[in-house]
Amino acid sequence: MLSRFAELIAEATDGLTLLLEMTVAPGTGPCMVVVPVWSGDPQGADAAVGKVMRLGARGAGAVASTTQKDLWAQFDQAVPNGMHWDLRTRNIAELTPDVISLLTGWVEKRPGPGAGIGLRQFHGAATRVGTEESAFGLRTSHVAVEISAGRGPDEDHGSFKEWLEGVYNALAPFALPGGATRISFCRTRKSRLFTPMAPTLSVWSRPRRPTTPSTSSPQRRFRTAAC
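For what it's worth, our numbering labels the leading residue of the sequence shown as 2, then goes sequentially.
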């Protein structure tokens with residue numbers, strides 16, 4: 002499936018943004034969650050999302066119009082209160098067979114259900130924004146790999162940290178310069194508290210989200226699939 006996903010992001014039009022999570026879903030077990038978001042001409046949504054629907058056998062999924070605010074809210078349930086998180090990132094130019102094999106191998110070694118690897122596509126209009134107009138200097142098409150190790154208060158921190166650093170270091174030969182971050186935080190009942198670690202980056206009491214579109218803004222077409 003990752004090979005087909007790599008082909009899809011390589012040919013994706015500007016309006017289609019793809020996120021993929023290699024994780025564990027309640028009631029399903031180990032799975033890949035694909036979240037395509039269409040923000041272009043509404044007439045092109047069905048064809049673009051249809052390609053994603055054909056990636057593989059689906060365990061669950063839905064297609065609907067939504068706002069950016071409601072789309073983000075769907076991810077909140079994946080971050081239960083009381084969990085401790087360590088995150089690291091790498092930027093890679095593309096999902097080559099070697100990278101796919103590496104990621105698949107490390108996913109199978111996860112120390113617990115809260116550990117996962119996410120792929121974030123960067124392409125299209127965002128690549129045409131100047132480096133001086135954004136806080137993010139890398140403006141060429143690439144894939145951001147987000148390595149997350151979420152654990153409960155009674156789980157062993159050492160095994161999660163070892164796995165996190167293992168994935169991060171294994172990706173070094175394929176990584177683009179810069180873009181590496183490290184974050185540690187614990188989500189409490191009232192807010193998400195962050196403890197930033199080197200290299201330096203900006204953090205907030207809650208993750209910063211893009212401004213929610215007004216009611217007159219175009220709706221986004223999205224699909225969530227677990228397989």
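Think of the CB as a built atom: it goes at the ideal place given N, C-alpha and C, for glycine as much as any other residue. No experiment lies behind these values; they were computed from the predicted model shown.
Minimum C-alpha distance to residue i - residue among the options
| i | options | result |
| --- | --- | --- |
| G179 | G125, C187, A150, V146 | V146 |
| L165 | A150, K110, G106 | A150 |
| V64 | R5, V50, G115 | V50 |
| L56 | D77, S102, L3 | L3 |
| R183 | A173, L139, R91, A116 | R91 |
| T18 | P154, S135, F137, A126 | A126 |
| V229 | I101, G115, F123, A46 | Since the displayed the chain opens at 2 and closes at 228, residue 229 lies outside it and no answer follows. |
| G113 | Q75, E163, R129, F137 | E163 |
| A82 | Q75, V168, P154 | In the sequence as displayed, the identity of residue 82 is Asn instead of Ala. Of the candidates Q75, V168, P154, the one whose C-alpha sits nearest the C-alpha of N82 is P154. |
| A173 | G28, E156, V100 | V100 |
| T105 | I148, T29, V36 | I148 |
CB contact flag (residue i, residue j, <9 Å)
| i | j | result |
| --- | --- | --- |
| L21 | V38 | no |
| F186 | W86 | yes |
| V1 | R121 | Nothing can be reported for residue 1: it is not among the residues displayed for the chain, which extend from 2 to 228. |
| L103 | F175 | yes |
Cβ shell of residue i (< 7 Å), same chain only, five flanking positions each side left out
| i | result |
| --- | --- |
| R94 | Arg is not the amino acid found at residue 94; the sequence shown has Ala there. Closer than 7 Å at Cβ, skipping near neighbours: H143, L177. |
| A171 | L103, W107 |
Cβ-heavy atom distance, residue i to the ligand FAD, below 8 Å
| i | result |
| --- | --- |
| F76 | Looking for the ligand FAD in the displayed structure turns up nothing, as the structure carries no ligands at all. |
Sequence-distant residues of the same chain with beta carbon closer than 6 Å to residue i, five excluded per side
| i | result |
| --- | --- |
| A7 | L96 |
| T14 | none |
Backbone CA spacing between residue i and residue j [nearest angstrom]
| i | j | result |
| --- | --- | --- |
| R89 | G41 | 31 Å |
| M84 | R152 | 6 Å |
| G159 | P31 | 22 Å |
| L9 | G117 | 21 Å |
| E133 | T68 | 29 Å |
| Y73 | S66 | Per the sequence shown, residue 73 should be read as Trp rather than Tyr. Going from the Cα of W73 to the Cα of S66 covers about 13 Å. |
| Q75 | P98 | 31 Å |
| H124 | G16 | 10 Å |
| A46 | Y169 | 35 Å |
| A48 | M23 | 25 Å |
| M54 | R5 | 11 Å |
| T29 | D77 | 19 Å |
| Q109 | A11 | Sequence check: residue 109 is Glu here, not Gln. Approximately 25 Å, taken between the alpha carbons. |
9 Å Cβ cutoff, residue i in contact with chain C
| i | result |
| --- | --- |
| I148 | Going by chain labels, chain C is absent from the structure shown, which holds only one protein chain. |
Contacts around residue i, its chain only, beta-carbon distance under 8 Å, and the 5 residues preceding and following it disregarded
| i | result |
| --- | --- |
| V130 | R140 |
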